[in-house]
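Notes follow the structure.
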Amino acid sequence: MPGISTPQPRRSVTVIGLGPMGQAMAGAFLDSGYDVTVWNRTASRADDLVARGAVLAPDVEKALAANELVVLSLTDYDAVYATLTPAETALTGRVLVNLSSDTPEKARAAARWAAERGAVQLTGGVTVPPSGIGKAESSTFYSGPREVFDRHRTALEVITGRADHQGEDPGLAALMYQIGMVMFWTSMLSFWQAVALADANGLKAADILPHAVETAHSLPGFFSFYAERVDAGVHTGDVDRLAMGTASVEHVLHTHADAGVGTALPAAVVKLFRRGMDAGHAADSFSSLVELLKKSEA
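Residue numbers (this note's numbering): 1 to 298.
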């Protein structure tokens, strides 16, 4: 009837795990007008959220019972089992948005474990630190049942503005997350190595920052160029050769040794390049190393 407003459906969520990431997620839901129930092993971590309107559940069972949608922000899947197993009778009918970091295989096993207890798991891989939670430009990978993802997409987009469904396989989101971590940790470690070398030569991180940023900005072009060739199995030495690359990485190693700084990282790189040489790829592109990386060293 005119003049009578239609009640809006209640928007509610439970967040279990209140480390920096879990606190940021619970805060984002509060900012978006959700009724938020929280639980953490150390209850005092919920104090600020409770002051803002969240409800602290006295135990995991009541936290699960409070809402269909349950966001898990725990260290790993072992922590997930340790937290949920004592309250597993309350899992029936719950959607577990499992944002805990772990391997794709463990994500698949956890999805089966949840299904056996009447719950559904959406695996998530958040690509930003806590400071990026609630931002429109931030993104999270998800995988699991598409219908469940679509039904809760509005809530997922509170966590990060972009919610990217990768497929039904619950391991895919974890895989994409780990791919990102492979590149992030290795890239950051290379910067720390460069800073150490600079320091040994009287330079500060700020002194090399413009060069480091310029080098990092050049990488997307190399990714794009080599991706098509790698997928096609083309490693011809028409643009670069592994033999030349090996000489270069050996110069990097010697530069570090001469400066008296740690050589573990550059030595590991040299070892991989030499494996490629020993495998007969001297005249091939250094992209041929990907074929070695596809195989276990054992």
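Every residue, glycine too, gets a C-beta built ideally from N, C-alpha and C. None of these values were measured; they are calculated from a predicted model.
Please classify Arg146: is it buried, with 16 or more other beta-carbons within 10 angstroms of its beta-carbon, or exposed? exposed
Alpha helix (DSSP H) runs contained entirely in the region 21-69, provided each spans 4 or more residues: 47-51 and 60-66
Counting C-beta neighbours from all protein chains within 10 Å, is the total for Ala107 16 or more, i.e. buried, or is it exposed? buried
Is it true that the CB of Ala57 sits closer than 7 Å to the CB of Thr37? yes
Can you tell me whether DSSP reads His165 as helix, strand or coil? strand
Counted within 10 angstroms of its Cβ, other Cβ atoms place Asp278 as buried (16 or more) or exposed: exposed
Is the beta carbon of Thr140 less than 7 Å from the beta carbon of Thr160? Going by C-beta atoms, Thr140 is nearer than 7 Å to Thr160.
By the DSSP assignment, the alpha helix (DSSP H) with Gly171 in it spans what residues? Gly171 to Ala200
Would DSSP call Thr263 helix, strand or coil? coil
Helix, strand or coil: which one does DSSP assign to Val234? coil
For Val80, report the span of its alpha helix (DSSP H) as first-last. Tyr77 to Leu84
Look at the alpha carbon of Leu91 and the alpha carbon of Pro170, and state the distance between them as a whole number of angstroms. 18 Å
Among Ser248, Leu272, Gly167 and Arg45, which residue has its Cα nearest to the Cα of Gln121? Gly167
Is it true that the CB of Ala173 sits closer than 7 Å to the CB of Ser143? yes
For Phe222 and Arg229, the rounded distance between their alpha carbons: 11 Å
Minimum C-alpha distance to Asp238 - residue among Val182, Asp78 and His281: His281
Same chain only: Cβ atoms within 7 Å of Gly180, ignoring 5 sequence neighbours per side: Thr127
What would DSSP say about Ile306, mapped onto helix, strand or coil? Because the chain is modelled from 1 through 298, residue 306 falls outside the range shown and cannot be assessed.
Sheet register partners of Val95 (DSSP bridge): Leu69 and Val120
Exposure label - Asn67; buried when at least 16 CB within 10 Å: Buried, because 16 or more other Cβ atoms sit within 10 Å of the Cβ of Asn67.
Let me know the secondary structure DSSP gives Ser218 once reduced to three states. Annotated three-state conformation of Ser218 is helix, per DSSP.
List the DSSP bridge partners of Phe223. DSSP, once it has assigned bridges, lists no residue as partnering Phe223.
If you count every other CB in all the chains shown that lies within 10 Å of the CB of His165, and 16 or more means buried, which is it? buried
Among Arg117, Gly93, Gly262 and Ala243, which residue has its Cα nearest to the Cα of Ala198? Gly262
By the DSSP assignment, the beta strand (DSSP E) with Thr302 in it spans what residues? No answer is possible for residue 302: it lies beyond the span of the chain, which begins at 1 and ends at 298.
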